[in-house]
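> Protein chains in written order, with full-length UniProt numbering: chain D, 1 to 497; chain W, 1 to 497; chain P, 1 to 497; chain E, 1 to 497.
We put the beta carbon where it would ideally sit given N, CA and C, even for glycine.
Protein chains: 4
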Amino acid sequence: MQTIGHFINGEMQVDTSRTQPVYNPATGEASKQVSLGGARTIDEAVAAAKAAFPEWRKTPPQRRARIMFKFKQLLEENADEICRLIGEEHGKISHDAAGELQRGIENVEYACGAPELLKGEHSRDVGRDIDSWSEFHPLGVVAGITPFNFPVMVPLWMFPMAIVCGNTFVLKPSERDPSSTLFIAKLLKEAGLPDGVLNVVNGGKEAVDAILEHKDVQAVSFVGSTPIAEYIYSAATANGKRCQALGGAKNHAIVMPDADLDNVVNSLLGAAFGSSGERCMALSVAVAVGDEIADRMIAALQEAMAGLRLGNHADKTNDFGPLITAEHKAKVVGHIQSAARQGAKILVDGSDAAPAGYENGFFVGATLIDGVTRDMDSYQAEIFGPVLQVIRVQTMEEAMQLINDHEYGNGTCIYTRDGEAARYFTDNIQVGMVGVNIPLPVPVAYQSFGGWKRSLFGDLFMYGPDGVRFFTRRKTITQRWPSATLREGSQFSMPTL
Amino acid sequence: MQTIGHFINGEMQVDTSRTQPVYNPATGEASKQVSLGGARTIDEAVAAAKAAFPEWRKTPPQRRARIMFKFKQLLEENADEICRLIGEEHGKISHDAAGELQRGIENVEYACGAPELLKGEHSRDVGRDIDSWSEFHPLGVVAGITPFNFPVMVPLWMFPMAIVCGNTFVLKPSERDPSSTLFIAKLLKEAGLPDGVLNVVNGGKEAVDAILEHKDVQAVSFVGSTPIAEYIYSAATANGKRCQALGGAKNHAIVMPDADLDNVVNSLLGAAFGSSGERCMALSVAVAVGDEIADRMIAALQEAMAGLRLGNHADKTNDFGPLITAEHKAKVVGHIQSAARQGAKILVDGSDAAPAGYENGFFVGATLIDGVTRDMDSYQAEIFGPVLQVIRVQTMEEAMQLINDHEYGNGTCIYTRDGEAARYFTDNIQVGMVGVNIPLPVPVAYQSFGGWKRSLFGDLFMYGPDGVRFFTRRKTITQRWPSATLREGSQFSMPTL
Amino acid sequence: MQTIGHFINGEMQVDTSRTQPVYNPATGEASKQVSLGGARTIDEAVAAAKAAFPEWRKTPPQRRARIMFKFKQLLEENADEICRLIGEEHGKISHDAAGELQRGIENVEYACGAPELLKGEHSRDVGRDIDSWSEFHPLGVVAGITPFNFPVMVPLWMFPMAIVCGNTFVLKPSERDPSSTLFIAKLLKEAGLPDGVLNVVNGGKEAVDAILEHKDVQAVSFVGSTPIAEYIYSAATANGKRCQALGGAKNHAIVMPDADLDNVVNSLLGAAFGSSGERCMALSVAVAVGDEIADRMIAALQEAMAGLRLGNHADKTNDFGPLITAEHKAKVVGHIQSAARQGAKILVDGSDAAPAGYENGFFVGATLIDGVTRDMDSYQAEIFGPVLQVIRVQTMEEAMQLINDHEYGNGTCIYTRDGEAARYFTDNIQVGMVGVNIPLPVPVAYQSFGGWKRSLFGDLFMYGPDGVRFFTRRKTITQRWPSATLREGSQFSMPTL
Amino acid sequence: MQTIGHFINGEMQVDTSRTQPVYNPATGEASKQVSLGGARTIDEAVAAAKAAFPEWRKTPPQRRARIMFKFKQLLEENADEICRLIGEEHGKISHDAAGELQRGIENVEYACGAPELLKGEHSRDVGRDIDSWSEFHPLGVVAGITPFNFPVMVPLWMFPMAIVCGNTFVLKPSERDPSSTLFIAKLLKEAGLPDGVLNVVNGGKEAVDAILEHKDVQAVSFVGSTPIAEYIYSAATANGKRCQALGGAKNHAIVMPDADLDNVVNSLLGAAFGSSGERCMALSVAVAVGDEIADRMIAALQEAMAGLRLGNHADKTNDFGPLITAEHKAKVVGHIQSAARQGAKILVDGSDAAPAGYENGFFVGATLIDGVTRDMDSYQAEIFGPVLQVIRVQTMEEAMQLINDHEYGNGTCIYTRDGEAARYFTDNIQVGMVGVNIPLPVPVAYQSFGGWKRSLFGDLFMYGPDGVRFFTRRKTITQRWPSATLREGSQFSMPTL
């Protein structure tokens, strides 16, 4: 059985002392296992990163960026292999893995602009012949902790930017599907990254805590569920680190009476069921304004859902694949049952939908639930499965109130043609990423990603301009050259230049 | 006896249930007392701020900025009164209070640029006919907790920027010298600020904790000592808030053999003894490279120090005034004694320096200590008094190592004519604010203020561009208008625009 | 009779050798005359500006900005007097003059942000230990030539920004209504501007040509008609200067079938007839899509126009005033007659509309013309009078084609509720300033003003961020400090850092 | 004999009706000829570019940028062939051609950041519920005219940026050495650029004039000599186009008494003689402050110059190669003779320096002239050959005066260790690109390139941030959505939002 190890200081380290199986979720079989690193492994990785920092810091940004140019090329050349590794361990269909990879590559492309992004602000003559400017320095060793659902994209949200900013990096990816993450780490070495600048340690809570407590780790970037995000943020900051911790979501779409229904249905199918709903930007609640549009939308959804194909990652004709684990499947099915118990109507039930030949896989089919209300447990929770719940309201205000009252504020969308409705919505909704007729409004790599309320802890979003700021610290220099003949009176007052 | 109250929802509230005396540190007399607010007072202030938020948020930035234009004018017109209030309660000489005020006004000037500073980033055609842009929204109710040493300037670092960004504010200033802070708060109302947008609550730890725990406070900005900063950062973030907490300092100047000695001596006098050294940017350690420059510098300093005048705030011929409290005076004197005990040479001792007629004031005179070493307690601690310690080293590297090893990293300075030395210093020193031939490198209001290491907890500096980012949250909108005839296939992959 | 002179080096200079009458257009009387400066006057003004430049250049931007803070205050305190002067010589009603002034003040407010706006771009480590940064230096002596229609606002688009950037300025305002311009120039001196930094020379073509040919004038900023703009651009650039020359306009509104008709009518009245249509952003063509909306719009406009009041500037109940000269009135009336001759329907004819008591004034009343076609002379020309022409088309594409085919591309607007229509319009229309439901989309002072096609010659818009760039030149510094022991091989190749 | 044609709409077009020989300057032989296009060829190229514009404009910036990513890769993979083509027709040694190419590639790298660089400025709530933002649109068809001395780098300064901004391009490279330029144009097609987006027309003055007069060409970017730059600027702008025209140079280095002489000599050799001095940034005048440093510098230069190797491009041990033409060689030799006649001392004379086997090549060897004065013709003119002239002065002020008095202001440098001298120099020198201890201060691709005085006509520098602005035009949109119930009074005053 293959053991997946750690990538430290440019070398793979396989440690079989503590391991955990890695499943193929489509078959339910575990043909690999992953080493679980602990405090000692984290120590090694941080030490390697710390040792690499002084030289990496002094490598000009443009040279750092050139490694990212090469990395992009290698990611593209190795796309099939990357998607295969994602598919085998996560289960997502190859076209979806390709989308994930492409979104990740966009962050590499953005990181290639480091020389522009790292420019400081230069103020000539802040006082007579006194100049002052700010520089953006790297922090040192920084860490990322990433979730199973995007084993390639979310790491690429973090380490390319951190690294082009001059930091060295320790990444703890999800132990559920680590192979693709390790593969791209090795590609970055092949692209020319010096050893020690990027290190990957697999592991669970012990590794996480070791990162949070390590005195040489300056910052932690996290994506996961809200309870863990809150824990990470609290622990990292209590240890004096800077931290950005992205948590859960419950993303609603408001479907207005004037919405383009074809667009609604087509785009909702992908947004709700794509990647089995295991996306923090998945659209899991459709709020229909008025029964007329609700009824038409539901009819159209039901018809379209009948044509969806569930199955193995390698078959591109499939629409989506299994969930990540048997436990998670049970949780999702439990939410469907709970909704039914609490009075909702299960219009399409995917609880028992495993395709032929994959009976042991962790499949749940596309599920549609009508008559959902705000007090139901299935509404309050983040299900993270292919379940679309419909809520019916009478007014747009009512729809917005629902969203603003929810604890999460990650993504949302409005379907309308009306300029005024869209503007009112975008201005007043308490959500960080807002779509107008776009149900998955993931910001492009040159904007930044983040939610409001309990979907994000910290003050800076992830990747894009905020990512640059998160992975740098400001140094402000004020400079004046005295002339040989300078004679000045002492100044006891607060100097005002 | 006058009781200084709170300023909530545009009204002064005097509460005599719990109070604390406010001293004139030059005379040692307490002729005023201050109300100490607790959780209930904070609740009231936060409630007022919360009620004012919806309308203030929707006030266009340009209109918000115009109130700051007027505020600047009022601050200038009332400068004498503000300086008098500072002087009476803090003790700093009027010219120094004027400097403090001027530095504060610079932050108001910067806030006047809100329409420019709040611009979002607009990306046309992130995909075909899809636009995306980021907006910077206010957070809601935010809070500031400020120290005694700059009762006007540090509050002005925070609330003008927070307020022009659309937030409403609760300020807890130092209970040692609250009058000038309250006075400027009332000026801002006079400038046109709606009631409830700025609230000031006096108090001690109970008020602080009430802020940290209040669920409606979105962010906390703090300036004070490192232990408290660490506590604030840890508690605020554990409660899910964003936080920036600025702590203590131990600012070193390296005096190179080629330094312009006149400039060194003249500027060090003000930087070390101005405001009695009660500044987080005070220059308290001079590191001389080589005995030759050390000896010449010390001789010149001793001569110059003989001419310094200590006394009451109202007399502009005084160079600096008393310390803030009797307790603090005792602490500073204790540091001088400790240095002597541990082997340093007290060349000038200001322990017993009260000017005639002010024998009960909390005065300590300018103090110069030679032969200080890194293991002495007086070197490790932030003294916050008019004490300049000299350390002698043989090389610039040795001097830089001292600084980089110190737990604080707020400000520092090098005195030299040599371009290479200056550049090497600024690049490699682990300090956030760096001066070249400028011993108090406080960044101008259009740069940002902050230290490294244990001098700042958080990821954004205070005021300037970082201040804007701290007091706003990003919202990213992605927009596409479907045509009536739009017909698209569903997309199950991760969309890549 | 009062003679209006020049303002050179901080002093008024009255020269009666060549003069021209200044009319009150409401009465048709000339009670003042203006000195017409020639090459010698321009020489004097440029010499004063050149002499003031070295010291002004070295004044820190923050200090320069503080004069603008004071200037804003003085403009506000003297608003009534400024509006009176505008009204007496230009004729616009006091509420309109107040609007003009307010828009001008916004540019002063923007200029107050100079320290932020002048920040250069700092790149650390462009090569190993090599830094490079760009600074934005003033040009030296720069000039502005401004039109009669905004004697206060357009000068304020130019000189505050030019001056805070460190330039010194020579302004040649319109000789039709120079008093308000001179008045504000004197206020700026009162605000603390050193003599010679701003100079105002009145005159006609001789003065203009003297500016264009003067070797010490580095840049020319112009607003006027297209033929003159083209001449200015061509002559200034042939003399090696940088130049931005803003010309004429023919601004269309597309009225879509779903437009909010109340909003259309209310906003069009002001946009078409305000200031008698003498604005380069006046909305002079309404393109109705479909006869249904055309008929309703015209009916509503006719009704509303019946209530408009014409008269003297001092009476705030008036809606608009006279045209600038008798010649211009004749030209506008000629355009109305030409439209009639070429087949259009004059629904409301203001040719003969002088209010009682002002029979000698240069009044033309609000005029509405239906049935206009693209080949009519009145459609091709910029009328610059209170004349609104209606064109009827069947589709939005047809409406857009009209606009894109017109030689001018200054402003335009679409009235609709439809998000898609608005986005398609803003993306594809060949116009620089575009409104959605806003017929006068004059950019705010923190954006920039300019048209496309033959409405602007040059590459930078006026005021706002582009204004900063226009009035500065870049200097890029690349710096490396050699160590004493540096030993390098010679490098004969193109160095790549 | 090979005929080098045009590259229009993705196809090579060979036209032998008018041609001119292309020489190998090392041998003096012409084995190729180049088609000389005229107005008709330009018409075709512009027509192709115009036809390609609508679709290219609508291609999202990120997709445009991805073609540049691929282009960079192809340039690197084909580096040897590109350098060979440069060497054969220009004569520069392969290591120098590689440096040129690398500098060009840096501009491609910068263009890859288009999505970031094209961000507009978004202002929410410029008035209540009114938004305004600026977008940066492409101009349409734009043109570049480039010189012989950098047949790859200077075109790469222009077209990658113009193209990623959404423009389509017509390039007229130098007819002296067109092959490498055409080669990279074809590589860009291979990288995925649609036909017609980049077109290359060879030719002389007729082609240039056709570009300047073509109504569909929106902007012209030029690099060449000052008389031509002035002509181009004047003609392009007279035709209403935007234009940036970079001209000649006379770049001085000030050698201060404290300069690091090894660094001076090593870096001056490359800066003065590299590429035979045929660079607009070549350092051609060394101004020594004091005879002591002058004598030492000259002695060291003479010794080092003895080791320089002249020869064919393919031999990497050569330091530099021939001049571009026989005519140019005669001109350079004429300047040396003129200096001698006017009293200078020719310390090293390279007039007759052709290496063995290359007697017919256009070689001039490294030449050193002492005793140059400001009135000599050789000092006033841009020699553009391997000639370093030394001027001796007594003070730094005298040295700076020389530079500030010269008509050109492209590049300059100071050699010193002194921070104050460097700062005084960079602040007060009238030159656009300033080096401190760097004699060829060519800005990196993420800053911008340009001179002051008669070295640049226009207001924006080339490439970098200014390049983005030059190749885009601003469109400012102001948007407000009326509610159905909106009822407002008409507004006749200048609206102030």
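How would you write the range of the beta strand (DSSP E) that Cys243 (chain P) sits in, first residue to last?
Per DSSP, Cys243 (chain P) belongs to the beta strand (DSSP E) from 242-246.
> List the DSSP bridge partners of Ile477 (chain E).
P:Val434, E:Trp133
> Based on DSSP bridge pairs, tell me the residues matched to Ser221 (chain E).
E:Gly144, E:Gln244
> List, from N- to C-terminal side, the alpha helix (DSSP H) runs of 4 residues or more that fit wholly inside the stretch 444-475 of chain P.
464-470
> Relative to chain W, which residues along the stretch 71-84 of chain P have a C-beta separation below 8 Å, given in chain order?
Lys72, Gln73
> Judging by CA-CA distance, which residue of W:Glu106, W:Thr3, W:Gln430 is the nearest neighbour of Gly22 (chain W)?
One detail in the question is off: residue 22 (chain W) reads as Val in this sequence, not Gly. Nearest neighbour of Val22 (chain W) by Cα position, chosen from W:Glu106, W:Thr3, W:Gln430, turns out to be W:Thr3.
> With distance defined between alpha-carbon atoms, name the residue in W:Leu269, W:Glu76, W:Ala245, W:Gly458 nearest to Gly307 (chain W).
Among W:Leu269, W:Glu76, W:Ala245, W:Gly458, the Cα nearest to that of Gly307 (chain W) belongs to W:Leu269.
> Would a check of beta-carbon distances place Pro482 (chain P) closer than 8 Å to chain E?
yes
> Report the residue from D:Leu283, D:Ala304, D:Gly140, D:Leu74 whose alpha carbon sits nearest the alpha carbon of Val220 (chain D).
For the residues D:Leu283, D:Ala304, D:Gly140, D:Leu74, the minimum Cα distance to Val220 (chain D) belongs to D:Gly140.
> Is Asn266 (chain P) helix, strand or coil when you go by DSSP?
helix
> Looking at the C-beta of Leu486 (chain E), does it have a partner C-beta in chain W at a distance below 8 Å?
Because Leu486 (chain E) carries a pLDDT of 30, less than 50, the predicted location of this residue cannot be relied on, and the following value inherits that uncertainty. No, its Cβ sits nowhere closer than 8 Å to a Cβ of chain W.
> According to DSSP, simplified to helix, strand and coil, what is Asn202 (chain P)?
coil
> Could you run through the stretch 418-429 of chain E and flag, in chain order, every residue whose CB is less than 8 Å away from some CB of chain W?
Asp418, Gly419, Glu420, Ala422
> Distance check for Val164 (chain D) and Gly33 (chain D), CA to CA, integer angstroms please.
Reading off the sequence shown, one finds Gln at residue 33 (chain D), where the question assumed Gly. For Gln33 (chain D) and Val164 (chain D), the distance between alpha carbons rounds to 32 Å.
> Gly99 (chain W): buried (16+ other C-beta within 10 angstroms of its C-beta) or exposed?
buried
> Quick one: any contact between the stretch 465-481 of chain P and the stretch 127-135 of chain P, if contact means 3 or more CB pairs under 8 Å?
yes
> Roughly how many angstroms lie between the CA atoms of Leu188 (chain E) and Tyr110 (chain D), to the nearest whole one?
Between the alpha carbons of Leu188 (chain E) and Tyr110 (chain D) lies a gap of roughly 21 Å.
> Can you tell me which residues form a DSSP beta bridge with Ala288 (chain E)?
E:Val255, E:Arg392
> Using a Cβ-Cβ cut-off of 8 Å, state whether residue 501 (chain D) counts as contacting chain P.
This structure cannot speak to residue 501 (chain D), because chain D is shown only from 1 to 497.
> Should Thr3 (chain E) be flagged as near chain D, meaning a C-beta pair shorter than 8 Å?
Taking 8 Å as the CB threshold, Thr3 (chain E) stays off the interface with chain D.
> If you run the structure through DSSP and keep just helix, strand and coil, what is residue 550 (chain P)?
Not covered by the structure: residue 550 (chain P). The range shown for chain P is 1 to 497.
> Count the CB pairs spanning the stretch 239-249 of chain D and the stretch 259-269 of chain D that are closer than 8 Å, and state whether there are at least three.
no
> Can you tell me whether Ser448 (chain E) is buried or exposed? The criterion is at least 16 other CB atoms within 10 Å of its CB, across all chains shown.
buried
> Using a C-beta to C-beta distance shorter than 8 Å, which residues of chain P count as neighbours of Glu230 (chain E)?
Gly240
> Please return the same chain residues whose Cβ sits closer than 7 Å to the Cβ of Gly409 (chain D), not counting the five positions on each side in sequence.
Gln430, Val431, Gly432, Gly451, Trp452, Lys453, Ser455
> Compare the C-beta of Lys119 (chain W) with all C-beta atoms of chain E and state if any pair is closer than 8 Å.
yes
> Is it right to say Pro151 (chain P) is buried, meaning 16 or more other beta carbons lie within 10 angstroms of its own, or is it exposed?
buried
> If you measure from the CB of Gln13 (chain E), is any heavy atom of the ligand ZN nearer than 7 Å?
Only the bare structure without any ligand can be found here, which leaves the ligand ZN out of the picture.
> Since Gly450 (chain P) meets chain E, which of its residues come closer than 7 Å, beta carbon to beta carbon?
Within chain E, Arg474 have C-beta atoms less than 7 Å from the C-beta of Gly450 (chain P), given in sequence order.
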